[in-house]
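Numbering-wise, the sequence shown is residues 1 to 287 according to the numbering used here. Glycine included, C-beta positions come from ideal geometry on N, C-alpha and C. Just so we're clear, the structure is a prediction, and the values are computed from it rather than from any experiment. Structure first, commentary second.
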Amino acid sequence: MRSILPLLLILISFNVQSQWIKDSVLIEGHYRMFTFHQPDTNLKGGSLLFLMHGSGGNSSDIIAKTNKLEAIAGKDKLLIIYPEGYLHFWNECRKFSTAAANKENINEEAFFTEMINYFTNKYGINQHNIFAAGFSGGGHMAYKLAMTMPAQIKAIAAIVANMPDSASCDCRLAGKALPVLIINGTDDKTNPYDGGEMFVNNASFGVVRSSENTFAYWSSLAGYAGMPTKTLLPDTDTTDHKTIESYAYKAANKPPVTLLKVVGGHHDYPGDIDVYLYVWDFFKAIK
Numbered sequence: 001m002r003s004i005l006p007l008l009l010i011l012i013s014f015n016v017q018s019q020w021i022k023d024s025v026l027i028e029g030h031y032r033m034f035t036f037h038q039p040d041t042n043l044k045g046g047s048l049l050f051l052m053h054g055s056g057g058n059s060s061d062i063i064a065k066t067n068k069l070e071a072i073a074g075k076d077k078l079l080i081i082y083p084e085g086y087l088h089f090w091n092e093c094r095k096f097s098t099a100a101a102n103k104e105n106i107n108e109e110a111f112f113t114e115m116i117n118y119f120t121n122k123y124g125i126n127q128h129n130i131f132a133a134g135f136s137g138g139g140h141m142a143y144k145l146a147m148t149m150p151a152q153i154k155a156i157a158a159i160v161a162n163m164p165d166s167a168s169c170d171c172r173l174a175g176k177a178l179p180v181l182i183i184n185g186t187d188d189k190t191n192p193y194d195g196g197e198m199f200v201n202n203a204s205f206g207v208v209r210s211s212e213n214t215f216a217y218w219s220s221l222a223g224y225a226g227m228p229t230k231t232l233l234p235d236t237d238t239t240d241h242k243t244i245e246s247y248a249y250k251a252a253n254k255p256p257v258t259l260l261k262v263v264g265g266h267h268d269y270p271g272d273i274d275v276y277l278y279v280w281d282f283f284k285a286i287k
């Protein structure tokens, strides 16, 4: 088992820059890091949002995309946490991942549970309002939290990520319905929209379901039948050559489930929406 060098203990708690805090929790011999913006308002009873970076990345990748969301976080009593994967990767549900996090079976559930405890004790966040979203491998981590910790996670969003198929999944599925938002591009070569083998750094991470099949998994758990409501989102960025079709299920006493089909989208963010503002709007509308 690898462990973080003792020298790095000096990084346990410090200001990254004005008002940004980096801290850690000790999980089974590993100091697992996370970053957050120091709240300037009382967050007692507020919401917690985990935003996870993609495979091989780090929290800075997501922080660079959340300026608008961070600007309204205080008003919405929202605390946004940017966790770091183990050696830049997550131990999500992809059985064939070649990442050390997977090979060493890093305990992600313990990591997220400890972060929830940390922020509950420090800021009094509402443990019934904990959300998770991620990009690419971070989206796979969001699926894992929904599949293995549904009692602690209220809703998830996965961006350019499909669930692994049954042969490629090594998580025990709780089978509980949750609100889920999926945002996938039709021309994505890394996370194929129609499903198939997925490669990360030229290594196969196994087979993923199609976006429609992933959408169907969560909508079926929620008890939906028939066709979802289709809406074309405004094409606010005509230069990106992408359009977004929304397919949504929503009914009283059922968790909402939505697929944003980014027509012409690659393994990236669409220009027509601010993705993380859209994700938060989806989350905060959940009763």
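Cβ distance (whole Å) where residue i is taken to contact residue j below 8 angstroms
i      : j      : result
Ile183 : Val275 : 6 angstroms
Ala222 : Ala177 : 4 angstroms
Asn91  : Asn105 : 6 angstroms
Which of helix, strand or coil DSSP assigns to residue i
i      : result
Asn121 : helix
His140 : helix
Val279 : helix
Glu70  : helix
Lys77  : coil
Trp20  : strand
Ile63  : helix
Ala285 : coil
Asn184 : strand
Beta-carbon contacts of residue i that lie in its chain and below 6 angstroms, excluding the five residues immediately before and after
i      : result
Asp61  : His53
Pro228 : Tyr247, Ala248 and Tyr249
Nearest-angstrom Cα separation, counted from residue j out to residue i
i      : j      : result
Ile80  : Glu70  : 8 angstroms
Gly271 : Val160 : 14 angstroms
Ser204 : Lys44  : 44 angstroms
Val262 : Tyr269 : 9 angstroms
Pro234 : Leu259 : 16 angstroms
Gly292 : Ile27  : Outside the shown range of the chain, which is 1 to 287, sits residue 292, and nothing can be said about it.
Thr186 : Phe135 : 16 angstroms
Thr231 : Trp218 : 19 angstroms
Those residues which DSSP pairs with residue i across a bridge
i      : result
Thr229 : Ala248
Gly265 : Paired residue(s): none; Gly265 is not in a bridge.
Phe36  : Ile21 and Ile81
Phe96  : For Phe96, which the question treats as bridged, DSSP gives no partner whatsoever.
Neighbourhood of residue i by C-beta distance below 7 angstroms, restricted to the same chain and skipping five residues each side
i      : result
Gly85  : His53 and Ala101
Glu109 : Thr148 and Met149
Proximal residues to residue i (C-beta, below 8 angstroms), its chain only, five neighbours per side dropped
i      : result
Asn129 : Gly46, Ser47, Leu48 and Lys154
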